[in-house]
Amino acid sequence: MPWMGLGVWTAERENAIESVKYALQNGYRSIDTATAYRNEDQVGQAIIESGVSRKDIFVTTKVANGDQGYESTLVAFNKSLKALKTDYLDLYLIHWPVEGKSLETWKALEELYHQKKVRAIGVSNFEIADLEQLKAVAIVQPMVNQIEFHPHLIRKELSVYCNLHQIQMEAWSPLMKGILSDEPILLEIAKKYNKSVAQIILRWDIQSGFVTIPKSFNKTRIVENLTIFDFMLTDEEVVNIASLNKDEKLPIPDMSKFRDN
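By the count of this note's numbering, the sequence shown reaches residue 306 at its end, each step adding exactly one.
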């Protein structure tokens with residue numbers, strides 16, 4: 046699983062084909078989408094048009110809340126494969142915990158994993174209590190937990206739990222939609238390394254043990270975001286960035302967008 050990927054969530058429904066294709070042609074090898082984003086077909090088309098071999102691309106998608114349940118998840122998975130124009134996934138996630146359904150959904154993910162239709166399975170937006178419920182019934186433990194993570198929300202307790210149980214953490218909205226761009230500590234570190242604040246945050250994600258998937262539909266920023274492997278933050282800088290934590294979450298997404306209807 047690459048440490049850096051391209052996220053394609055968008056409330057405005059931008060066309061993802063050109064952005065995904067451009068990212069793949071400029072070094073990205075991981076694309077993160079979801080049924081709820083309604084652009085799996087665009088991602089699949091972009092992969093074909095990119096000229097990059099499918100076997101070299103790590104493709105993630107997620108089962109939508111309205112599709113959760115054992116049988117309905119299996120149906121949703123096949124729809125995702127068709128839209129993405131592939132015969133397997135690298136990672137399939139439960140998008141959000143849904144009371145009364147997520148445990149059955151997990152059984153479906155385990156079945157898909159055993160059938161080798163997906164190479165890894167995991168969850169998104171799961172808290173410790175959700176993970177404990179899953180752990181109690183799971184045959185295959187979740188391999189990834191994708192959560193909101195940025196310098197204003199470091200989720201220390203959840204991170205410790207996931208590390209203890211060998212669950213790879215993955216950061217969505219790592220740049221906090223640009224809210225952190227004027228943070229003095231980040232600006233100072235960015236000046237030192239001649240990097241942007243975004244590059245400093247993404248480097249911090251990786252050094253904090255998080256896979257990171259910033260969203261961008263801007264070609265300049267797509268390339269810039271990937272240029273974070275030519276420097277390293279000091280341990281002190283990693284700690285100083287973490288000290289910006291405010292337990293501040295972004296507004297909860299409109300849950301109607303997480304239904305396949």
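Glycine is no exception: its CB is placed at the ideal position from the N, C-alpha and C atoms.
A check of alpha carbon separations from LEU289 across THR272, LEU231, ILE258, GLY223 identifies LEU231 as the nearest. Excluding residues up to 5 positions away in sequence, ARG74, SER75, PHE103 lie with their Cβ nearer than 7 Å to the Cβ of PRO47 in the same chain.
In the displayed model, ASP132 falls within coil according to three-state DSSP, outside both helix and strand.
TRP141 is positioned such that its CB atom lies closer than 8 Å to that of ASN170. When only Cα atoms are considered, GLU233 and ASN239 end up about 10 Å apart.
SER204: member of the alpha helix (DSSP H) spanning 201-209, first to last residue. LEU129 counts as buried, since at least 16 other C-beta atoms from the protein chains shown sit within 10 angstroms of its C-beta.
Of the residues SER95, VAL242, GLU293, ASN123, the one whose Cα lies closest to the Cα of VAL108 is ASN123. Sixteen is the threshold: since fewer than 16 other Cβ atoms of the shown chains lie within 10 Å of the Cβ of THR265, the residue is exposed.
Unbroken alpha helix (DSSP H) stretches of 4 residues or longer found wholly inside the region 57-109: 62-70, 85-95, given in chain order. Each residue's CA atom was taken as its position, placing ILE246 and SER64 some 21 Å apart. According to DSSP, TRP217 shares a beta bridge with GLU193. THR80 and ASP86 have their alpha carbons spaced roughly 10 Å apart.
Beta bridge pairing from DSSP links TYR137 with THR106, ILE166. Around the beta carbon of LEU69, 16 or more other beta carbons sit within 10 angstroms, so the residue counts as buried. Cβ atoms of ASP77 and ILE273 stay farther apart than 8 Å, at about 17 Å. Within the same chain, and ignoring the five residues on either side of PRO219 in sequence, the residues whose Cβ sits closer than 8 Å to its Cβ are PHE194, HIS195, ILE246, LEU247, ASP250, PHE255, THR257, ILE258, PRO259. For SER147, the enclosing alpha helix (DSSP H) begins and ends at 147-159.
Taking 4 residues as the shortest admissible run, the region 233-268 contains the following complete alpha helix (DSSP H) segments, listed from N- to C-terminal end: 242-252.
A Cβ-Cβ separation of about 5 Å places GLU94 in contact with LYS66 under the 8 Å criterion. In this structure LYS146 is not in contact with GLN178, their Cβ atoms being roughly 12 Å apart against a cut-off of 8 Å.
Straight-line measurement puts the Cα of ILE199 at about 31 Å from the Cα of SER125. One thing to note: MET188 has its Cβ no nearer than 8 Å to the Cβ of ILE173.
Beyond the five residues adjoining it in sequence on each side, SER241 comes within less than 7 Å, by CB distance, of ALA235, GLU269 in the same chain, given in chain order. Listed in chain order, the non-local C-beta contacts of LEU176 below 8 Å within the same chain comprise VAL168, PRO187, ASN190, TYR206, CYS207, HIS210, ILE212, local neighbours out to five positions each way being set aside.
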